[in-house]
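Data first, discussion second: the structure below is written as structure tokens.
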Amino acid sequence: MLGFFLSALVGYFLGSFPSGFIVGRIAGIDVRQAGSGNIGATNVTRLLGKRTGYLVFVLDFTKGALATILAMFLATNSGAREEIVELYAAVGGVFSVIGHSYPIWLSFKGGKGVATSIGMLFGLNWAAALIVCVVWFVTFQLTRYVSLASIAAALALPGAIGAMLLLGQLTTPVLLYISLGLAALVILRHRSNLSRLFNGTEPRVIRK
Numbered sequence: 175m176l177g178f179f180l181s182a183l184v185g186y187f188l189g190s191f192p193s194g195f196i197v198g199r200i201a202g203i204d205v206r207q208a209g210s211g212n213i214g215a216t217n218v219t220r221l222l223g224k225r226t227g228y229l230v231f232v233l234d235f236t237k238g239a240l241a242t243i244l245a246m247f248l249a250t251n252s253g254a255r256e257e258i259v260e261l262y263a264a265v266g267g268v269f270s271v272i273g274h275s276y277p278i279w280l281s282f283k284g285g286k287g288v289a290t291s292i293g294m295l296f297g298l299n300w301a302a303a304l305i306v307c308v309v310w311f312v313t314f315q316l317t318r319y320v321s322l323a324s325i326a327a328a329l330a331l332p333g334a335i336g337a338m339l340l341l342g343q344l345t346t347p348v349l350l351y352i353s354l355g356l357a358a359l360v361i362l363r364h365r366s367n368l369s370r371l372f373n374g375t376e377p378r379v380i381r382k
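Quick note, the numbering used here runs 174 ahead of the 1-based positions in the sequence shown.
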């Protein structure tokens, strides 16, 4: 039980590191007061350009991957069974996404968790992560909506995990349950985007 608590705690504090806010401050801007007000890579890209936005994406991605790997390391070194190792990793990764979305340092107002979720997925199961990335990329190329691509990718995640479970690529349904919760969290964080999409006011990324 202590191991799960430590995995969750480490995951949360890793995830709560406000990459976008800090990078924005270094560049002389509070990203919470400009654009969409979000500290994630998409808003940073709109405000400070692609190079800075990509940096924030990599940092946020790393938080999710590192939290998952550290939790897995903790479980492995405690002699846990395979399915328990998977559960440790999932707990660490999910709490990194929660930390990113609700960081204690910024009054629990953080990003939407997409980059951190992808990092977590690559730490847990790279094949499922690749499927999610393909869904995101195709949706974005067709619509030019970052938010819609993120929502589509979140919905694709449980489908990908479920298919792998049916094909015998996974030994336990742990990741399926985790993926359902993670998809719900990402969609919840995109409530305002969904509203703007329905109203036709969501901004597109314009091709140059």
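For each residue, glycine too, the CB sits at the ideal point set by N, CA and C.
Q) Looking only at C-alpha atoms, which of Val184, Leu344, Ile292 and Ile278 sits nearest to Phe311? A) Locating residue 311 in the sequence shown gives position 137, counting from the first residue. Ranking Val184, Leu344, Ile292 and Ile278 by Cα distance to Phe311 puts Ile292 first.
Fill in: N- and C-terminal bounds of the alpha helix (DSSP H) containing Val197
By 1-based counting over the sequence shown, the position of residue 197 is 23. Here the alpha helix (DSSP H) through Val197 covers Ser193 to Ile200.
| Is it true that the stretch 193-208 meets the stretch 272-285, where meeting means three or more beta-carbon pairs spaced less than 8 Å apart? | The stretch 193-208 makes contact with the stretch 272-285; the number of CB pairs closer than 8 Å reaches 3 or more.
Alpha-carbon to alpha-carbon, Ser181 and Phe187:
For the purposes of this step, residue 187 is taken as residue 13 along the sequence shown, with counting starting at 1. For the purposes of this step, residue 181 is taken as residue 7 along the sequence shown, with counting starting at 1. Answer to the nearest angstrom: the Cα atoms are 10 Å apart.
Quiz prompt | From Arg378, Arg370, Leu331 and Val348, residue whose alpha carbon lies closest to that of Leu359 | solution = Residue mapping note: residue 359 aligns to position 185 of the sequence shown, counting from 1. Leu359 has its Cα closest to that of Leu331, out of Arg378, Arg370, Leu331 and Val348.
Q | Neighbour-count burial assignment, Ala337, 16 or more Cβ in a 10 Å radius | A | On the sequence shown, residue 337 is found 163 positions in, with the first residue counted as 1. Classification of Ala337: exposed, given that the 10 Å Cβ count is below 16.
Contact check, Arg318 vs Arg378 under 8 Å by CB: the rounded distance? The residue given as residue 318 occupies position 144 in the sequence shown. The residue given as residue 378 occupies position 204 in the sequence shown. Between Arg318 and Arg378 the beta-carbon gap is near 4 Å, inside 8 Å, which marks them as a contact.
CB of Gly273 to nearest heavy atom of the ligand SAH: below 7 Å? For the ligand SAH, the structure offers nothing, since it holds no ligand at all.
Just how far apart, CA to CA, sit Val218 and Ala302? Stepping through the sequence shown from its first residue, residue 218 is reached at position 44. Stepping through the sequence shown from its first residue, residue 302 is reached at position 128. If I take the Cα positions, the gap works out to 27 Å.
Excluding the 5 residues flanking Ala263 on each side, which residues of the same chain have their C-beta closer than 6 Å to its C-beta? On the sequence shown, residue 263 is found 89 positions in, with the first residue counted as 1. These residues qualify, in order along the chain: Thr242, Ala245, Met246 and Leu298.
**Request:** Hey, could you find the ends of the alpha helix (DSSP H) Leu354 is sitting in?
**Result:** Counted from its first residue, the sequence shown places residue 354 at position 180. Where Leu354 is concerned, the enclosing alpha helix (DSSP H) starts and stops at Val348 to Arg363.
query: Which of the three DSSP states, helix, strand or coil, is assigned to Tyr276?
result: Position 102 of the sequence shown, counted from the first residue, corresponds to residue 276. Tyr276 sits in coil when the DSSP states are folded into three classes, being neither helix nor strand.
| Taking the alpha helix (DSSP H) that Gln315 falls in, what are its first and last residues? | Here residue 315 is taken as the residue at index 141 of the sequence shown, counted from 1. Residues Trp300 to Thr317.
Mapping DSSP to helix, strand and coil, what is Thr345? Counting from 1 along the sequence shown, the entry for residue 345 is found at position 171. If DSSP states are grouped into helix, strand and coil, Thr345 belongs with coil.
Is it true that the CB of Phe231 sits closer than 8 Å to the CB of Ala289?
-> Counted from its first residue, the sequence shown places residue 289 at position 115. Counted from its first residue, the sequence shown places residue 231 at position 57. Taking 8 Å as the Cβ cut-off, Ala289 and Phe231 qualify as a contacting pair.
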